[in-house]
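J.: Below: one structure in structure tokens.
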Amino acid sequence: MIEVQDIRYSYPNKVEALKGVSIKIEDGEFVAIMGQNGAGKSTLVKHFNGLLKPSQGKVLIDGVETTKSSVAALARNVGFVFQNPDHQLFSESVEEEIAFALKNFGFKPEIIEDRVTWALNLLSLTKYRKTSPFLLSGGERKRVALASVLAWNPSTLILDEPTIGQDHEQKEKLRQFIIQMQTQKKTVVTVTHDVEFVAECNPRVILMKEGKIVADGEGKEILTDPALLELSSIVLPQIAQIFSKLASLGFPKDVIDIYEAKAIILKVMEEC
Amino acid sequence: MAIIETKNLTYTYPGASKPSISDVSIKVEKGEFVLITGPSGCGKTTLCRTFNGLVPHFYQGELKGEISVAGIDTLKHHTYEMAKHVGLVFQNPENQLFALSIEKDVAFGLENVGVSREEMRRKVDWALNQTGIFDIRERSPHEISGGQQQRVAIAAVLAMEPEVIVLDEPTSFLDPLSAEKIFEVIYKLNKEQGITVILVEHRLDLTAKYTNHLIVMDEGKIRFEGDPRQILGNEETRLIGVGIPKATLLYQILKKEGLNLPDKTPLSSEELADQLLEAIKLQ
Numbered sequence: 006m007i008e009v010q011d012i013r014y015s016y017p018n019k020v021e022a023l024k025g026v027s028i029k030i031e032d033g034e035f036v037a038i039m040g041q042n043g044a045g046k047s048t049l050v051k052h053f054n055g056l057l058k059p060s061q062g063k064v065l066i067d068g069v070e071t072t073k074s075s076v077a078a079l080a081r082n083v084g085f086v087f088q089n090p091d092h093q094l095f096s097e098s099v100e101e102e103i104a105f106a107l108k109n110f111g112f113k114p115e116i117i118e119d120r121v122t123w124a125l126n127l128l129s130l131t132k133y134r135k136t137s138p139f140l141l142s143g144g145e146r147k148r149v150a151l152a153s154v155l156a157w158n159p160s161t162l163i164l165d166e167p168t169i170g171q172d173h174e175q176k177e178k179l180r181q182f183i184i185q186m187q188t189q190k191k192t193v194v195t196v197t198h199d200v201e202f203v204a205e206c207n208p209r210v211i212l213m214k215e216g217k218i219v220a221d222g223e224g225k226e227i228l229t230d231p232a233l234l235e236l237s238s239i240v241l242p243q244i245a246q247i248f249s250k251l252a253s254l255g256f257p258k259d260v261i262d263i264y265e266a267k268a269i270i271l272k273v274m275e276e277c
Numbered sequence: 064m065a066i067i068e069t070k071n072l073t074y075t076y077p078g079a080s081k082p083s084i085s086d087v088s089i090k091v092e093k094g095e096f097v098l099i100t101g102p103s104g105c106g107k108t109t110l111c112r113t114f115n116g117l118v119p120h121f122y123q124g125e126l127k128g129e130i131s132v133a134g135i136d137t138l139k140h141h142t143y144e145m146a147k148h149v150g151l152v153f154q155n156p157e158n159q160l161f162a163l164s165i166e167k168d169v170a171f172g173l174e175n176v177g178v179s180r181e182e183m184r185r186k187v188d189w190a191l192n193q194t195g196i197f198d199i200r201e202r203s204p205h206e207i208s209g210g211q212q213q214r215v216a217i218a219a220v221l222a223m224e225p226e227v228i229v230l231d232e233p234t235s236f237l238d239p240l241s242a243e244k245i246f247e248v249i250y251k252l253n254k255e256q257g258i259t260v261i262l263v264e265h266r267l268d269l270t271a272k273y274t275n276h277l278i279v280m281d282e283g284k285i286r287f288e289g290d291p292r293q294i295l296g297n298e299e300t301r302l303i304g305v306g307i308p309k310a311t312l313l314y315q316i317l318k319k320e321g322l323n324l325p326d327k328t329p330l331s332s333e334e335l336a337d338q339l340l341e342a343i344k345l346q
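If you're matching them up, the sequences are chains A and B in order.
Numbered per the working numbering, the first sequence spans residues 6 to 277.
Numbered per the working numbering, the second sequence spans residues 64 to 346.
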């Protein structure tokens with residue numbers, strides 16, 4: 006469980022990025038943190054694995070304050086995938102990159118082999134096993150960064166903009182994987198600007214603005230509230246846009262799922 | 064005359080076992096808004112790098128076939144000569160920012176082509192304003208967020224007012240509203256000044272409505288090219304992993320269910336909403 010108790014955080018240049026944030030994320034939850042650039046989203050999630058320690062307030066991971074444990078100890082349970090994969094890749098081959106953390110955590114060679122093969126397959130990277138990550142495309146490098154974290158099977162996963170550079174098929178696989186994590190009671194926290202991905206997953210959504218939380222609730226409820234989204238510099242997902250334009254004819258406004266949309270439209274047309 | 068024309072373009076990075084793009088023949092007319100999409104790793108970025116000569120002059124490797132951009136054979140001219148004609152915004156903005164201040168980064172290209180001081184001031188300020196970074200112009204490009212860096216990279220290219228702007232997922236770090244504003248600025252330049260735009264994007268929900276020339280790539284090859292309504296209306300496009308806009312997908316689903324909608328495939332929520340309003344009125 007992640008518990009954030011009224012934290013504030015200022016960077017060394019005195020910019021206060023978090024101005025009193027409190028949240029509780031239970032095991033097995035899938036949370037999307039959204040909001041304007043500079044709202045404090047990345048700063049907040051960097052507190053979850055102890056990369057940053059609050060200037061004021063407390064962050065507890067499974068009941069232990071992050072100031073009382075090292076990043077190395079936290080990393081075992083909290084995997085972090087950065088926004089820009091070039092900030093975390095350094096090995097000579099994709100395979101070595103994925104094996105690196107596993108070796109550090111002291112896994113046996115057979116297990117490392119198994120986990121690497123599994124992660125390569127999950128993220129459609131098997132054909133690049135021996136390739137240098139730096140020869141891959143931006144979207145593929147992002148997947149290598151993801152694979153290297155998923156491989157050690159952390160109980161909490163923090164994904165900063167995981168869908169950048171990913172095509173529809175890869176996004177769908179990521180969605181399936183997150184669902185699978187949830188069934189294992191694992192926690193996934195993602196920072197994302199990808200409204201369509203969030204609309205497809207319908208997670209709990211936390212909206213941030215200027216270092217504070219401005220909304221916290223079900224995706225479907227938040228992503229269909231135009232005033233709230235505009236405040237956070239987010240646009241409505243396409244299905245919600247269509248339904249907001251049909252609202253004058255008595256259509257419901259809170260629709261983000263394409264199959265729900267289809268059912269509603271067909272029903273209305275039949276009744277006409 | 065086409066502003067970009069390639070014939071059987073095939074390129075292999077040094078040390079790579081197979082080509083990243085193969086047998087690519089495309090023709091882009093002046094003033095078009097071209098959208099290039101396709102599965103991750105399909106060669107989109109590599110193709111963009113041929114437009115200003117980065118491939119092969121910087122990346123080396125082997126390029127076969129013919130390419131002409133703004134009437135210039137990029138194989139026979141240096142990348143710096145191409146810079147006047149083609150502006151490229153990279154996927155990762157960190158790779159192209161280097162100056163001590165945002166303003167200096169945006170002015171760099173103009174300094175190199177010898178523009179007068181007043182004209183430089185005017186163009187730089189205009190580009191800073193268009194991208195919403197005028198107020199932070201004196202800060203270092205290395206202490207701002209990824210989203211802000213993307214704005215700087217776009218401003219630096221806009222300031223040059225090139226004939227062709229090539230943007231490789233230029234707003235991936237930006238929040239949706241800021242991304243939309245940037246796309247609107249680019250669309251306006253395309254419409255009002257006839258600047259040719261080549262945009263690489265996966266997120267067609269945000270961008271399909273701007274394009275009049277769609278290119279879908281897969282495994283280094285051109286799979287579909289032409290009218291976006293026709294290509295996105297074709298089921299095969301979805302099957303190769305292209306994320307077609309939700310409005311387009313919903314239109315297809317409703318059509319299949321027998322709903323009487325016009326034959327014009329919608330590319331945006333506005334277009335589909337209008338079609339649905341019309342259909343309901345008719346009933």
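Don't be surprised by glycine CBs; every beta carbon is placed ideally from N, CA and C.
Fair warning: this is a prediction, and the values are worked out from it, not measured in the lab.
#1: Cα-Cα, which of B:Gly195, B:Leu345, B:Ile307 and B:Val187 is closest to Asn323 of chain B?
#2: Comparing C-alpha positions only, which one of A:Pro242, A:Ile270 and A:Asn18 sits nearest to Pro239 of chain B?
#3: Look at the alpha carbon of Phe121 of chain B and the alpha carbon of Leu236 of chain A, and state the distance between them as a whole number of angstroms.
#4: Give the DSSP-derived three-state secondary structure of Ala222 of chain B in the structure shown.
#5: I need the boundaries of the beta strand (DSSP E) containing His276 of chain B, first residue and last residue.
#6: Below 7 Å between beta carbons is the criterion; list the residues of the region 299-319 of chain B that meet it against any residue of chain A, in chain order.
#7: List the residues that DSSP assigns as beta-bridge partners of Lys127 of chain B.
#8: Looking at the secondary structure, which residues open and close the alpha helix (DSSP H) in which Asp168 of chain B lies?
#9: Suppose contacts are defined by Cβ-Cβ distances below 8 Å. Is Ala219 of chain B in contact with Phe171 of chain B by that definition?
#10: For the beta strand (DSSP E) containing Gly62 of chain A, list its first residue and its last residue.
#11: Among A:Tyr264, A:Phe248 and A:Arg81, which has the Cα closest to the Cα of Asn158 of chain A?
#12: I want to verify the contact list: residues of chain A whose CB lies under 7 Å from the CB of Ala79 of chain B, in sequence order.
#13: So, under 8 Å CB-CB, Ser415 of chain B and Asn71 of chain B are touching, yes? Tell me the CB distance rounded to an integer number of Å.
#14: Alpha carbon to alpha carbon, how far is Glu34 of chain A from Lys58 of chain A?
#15: So with CB distances below 8 Å, who are the chain A contacts of Pro82 of chain B?
#16: Within 10 angstroms of the Cβ of Arg180 of chain B, are there 16 or more other Cβ atoms? Answer buried if so, exposed if not.
#17: Classify Ala37 of chain A as helix, strand or coil using the three-state DSSP reduction.
#18: Can you list, in chain order, the residues of its chain with a C-beta nearer than 6 Å to that of Pro119 of chain B? Leave out the 5 residues immediately preceding and following it.
#19: Return the first residue and the last residue of the alpha helix (DSSP H) that Val248 of chain B is part of.
#20: Please list, in chain order, the chain E residues whose beta carbon lies closer than 8 Å to that of Pro239 of chain B.
#21: With H, G and I counted as helix, E and B as strand and the rest as coil, what does DSSP make of Gly224 of chain A?
#22: Less than 8 Å between the C-beta atoms of Ile38 of chain A and Phe53 of chain A, yes or no?
#23: Could one say the Cβ of Glu243 of chain B lies closer than 8 Å to chain A's Cβ atoms, at least one of them?
#24: Is the CB-CB distance between Val154 of chain A and Gly84 of chain A below 8 Å?
#25: With a CB to CB cut of under 7 Å and the five nearest residues on each side skipped, what residues in its chain are close to Phe105 of chain A?
#26: Would a check of beta-carbon distances place Cys277 of chain A closer than 8 Å to chain B?
#27: Who are the Cβ neighbours of Ser203 of chain B in its own chain at under 8 Å, not counting the five residues just before and after it?
#28: Can you list, in chain order, the residues of its chain with a C-beta nearer than 7 Å to that of Asp231 of chain B? Leave out the 5 residues immediately preceding and following it.
#29: Taking the alpha helix (DSSP H) that Ser88 of chain B falls in, what are its first and last residues?
#30: Where does Leu262 of chain B sit, in a helix, a strand or coil, going by DSSP?
#31: Against chain B, with Cβ distances strictly below 8 Å, would Ala77 of chain A count as a contact?
#32: Quick one: does Gln211 of chain B have its CB under 8 Å from some CB of chain A?
#33: Mind listing the chain A neighbours of Gln346 of chain B? Cutoff is C-beta to C-beta under 9 Å, in chain order.
#34: If we count the other Cβ atoms within 10 Å of its Cβ and call it buried at 16 or more, is Ile184 of chain A buried or exposed?
#35: Quick check on the DSSP output: the beta strand (DSSP E) that includes Ala22 of chain A runs from which residue to which?
#36: Which chain A residues sit within Cβ distance under 8 Å of Asp326 of chain B?
T.: In brief:
#1: B:Leu345
#2: Nearest in C-alpha terms to Pro239 of chain B, of all of A:Pro242, A:Ile270 and A:Asn18, is A:Pro242.
#3: 43 Å
#4: helix
#5: His276 to Asp281
#6: Gly304, Val305, Gly306, Pro308, Lys309, Ala310, Leu312, Leu313, Ile316 and Leu317
#7: B:Thr73
#8: Ile165 to Val176
#9: yes
#10: Gln61 to Ile66
#11: A:Arg81
#12: Leu140
#13: The structure shown does not extend to residue 415 of chain B, since chain B spans only 64 to 346, so no value can be given for it.
#14: 23 Å
#15: Going along chain A, no residue has its Cβ under 8 Å from Pro82 of chain B, so there is no contact; the nearest lies around 13 Å.
#16: It counts as exposed.
#17: In the structure shown, Ala37 of chain A sits in a strand (DSSP, three-state: E or B).
#18: Leu126
#19: The continuous alpha helix (DSSP H) containing Val248 of chain B extends over residues Pro239 to Gln256.
#20: Although the question refers to chain E, the structure presented lacks it and instead comprises the protein chains A and B.
#21: DSSP, read as helix, strand or coil, puts Gly224 of chain A in helix.
#22: no
#23: yes
#24: A contact, by the Cβ cut-off of 8 Å.
#25: Listed in chain order, the non-local C-beta contacts of Phe105 of chain A below 7 Å within the same chain comprise Ser96 and Ser153, local neighbours out to five positions each way being set aside.
#26: yes
#27: Leu163, Ser164 and Ile165, listed in sequence order.
#28: Thr108, Cys111, Val152, Phe153, Gln154 and Val263
#29: Not the alpha helix (DSSP H): Ser88 of chain B falls in the beta strand (DSSP E), residues Ile84 to Glu92.
#30: Leu262 of chain B: strand per DSSP, three-state reduction.
#31: no
#32: yes
#33: Met274 and Cys277
#34: exposed
#35: Glu21 to Ile30
#36: None at all; the shortest Cβ gap to chain A is about 18 Å.
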